[in-house]
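Here is the structure we will look at.
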Amino acid sequence: RVNLYVSGIQSQSCSRVTYTKRRICVLKGSTVDISCTYGSGYDTVTSSLWFSPKQSFSWRDKLIPEDLTTDPGYAGRVEYAGEKERGRSTLRITDLREEDSAEYKFIFNTQTSRWGYSFPGTTLTVTDLQVKVIPDTVTEGSWVKLTCSTTCTLTEIPNPTYIWYKNGEYLFSDSSPQYHYSVSRGGSDSYSCALRDHEKLSSSKVTVGECCDLPPEFSSLIVNRLDIFSQ
């Protein structure tokens, strides 16, 4: 949590914006709440809004932030939760997309000034689950490691339970993001992962299979290659 203070004209007056979290990492397709508290000292707050500097290209005046709720890129996905509670504001974004990864700021206007424009806000990173396969080349009978990963540590799910699927069917769940299995000849299987209580936000499927068929007499020389692609 970071406190941003700006002294007002009167020595007893102090305006501030305090963001609950400076960095947030969430899954693609989920919902996030970005919150702050604020105070205007002795001045009266006349208006307030949330904005993202990333969207400045669409503002009518590049120096005047526009309310995120009016941005076409967020149409139907943004709302203010608890906005009526004085001194606290929450920006809620639903159906998150990777392009929503950006910094979000809150500003409020008083009868004499605008506060919060130049201060750092909350940085949001939207990530999806990915299945990584190691190694990409193995011999028959070798062990392969699948890892269910994200590009950042999920803020609201500090200790996730990972669920694995094979060919679309439940395989097992565990607190470890890794799954090991032994490679055998013939056919291919698809794997995907998800997090408990967030099963609808699963990873893309990764298909692991052999690249080619060779005559039996060459079986001792076969190197089974894992052809990995997303479906």
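The numbers in the working numbering rise by one with no breaks, and the one at position 201 of the sequence shown is 738. C-beta atoms are modelled at their ideal positions from N, C-alpha and C, and glycine is treated no differently. Values in this document were obtained by computation on a predicted structure and should not be read as measured data.
Per the C-alpha coordinates, the member of I644, T649 and S741 positioned closest to S686 is S741. Positions of the alpha helix (DSSP H) runs, each at least 4 residues long and wholly inside the segment 634 to 666, cannot be given because no such run exists.
With a cut-off of 8 Å on Cβ pairs, the segment 555 to 564 is not in contact with the segment 604 to 622, counting fewer than three such pairs.
Judged by DSSP secondary structure, H717 falls within the beta strand (DSSP E) whose first and last residues are Q715 to S719. A distance below 9 Å separates the beta carbons of V668 and L683.
Rounded to the nearest angstrom, the gap between the Cα atoms of R625 and W587 is 12 Å. One Cα belongs to W596, the other to R553, and the distance between them is close to 25 Å. Rounded to the nearest angstrom, the gap between the Cα atoms of E736 and T660 is 25 Å. When the beta-carbon positions are compared, V681 and L633 stay at least 9 Å from each other. Exclusion of the five residues before and after S638 leaves L661, T662 and V663 as the residues of its chain whose Cβ lies within less than 7 Å of its Cβ. Here DSSP, grouped into helix, strand and coil, assigns T687 to coil.
Remark: C-beta atoms of I571 and R629 approach each other more closely than 9 Å. Uninterrupted beta strand (DSSP E) stretches at least 3 residues long and entirely within the segment 581 to 605 occur at 582 to 588, given in chain order. For K669, the three-state secondary structure derived from DSSP is strand. Under the three-state reduction of DSSP, E706 is assigned to strand. Residue S593 holds the alpha-carbon nearest to the alpha-carbon of T607 among D673, Y718 and S593.
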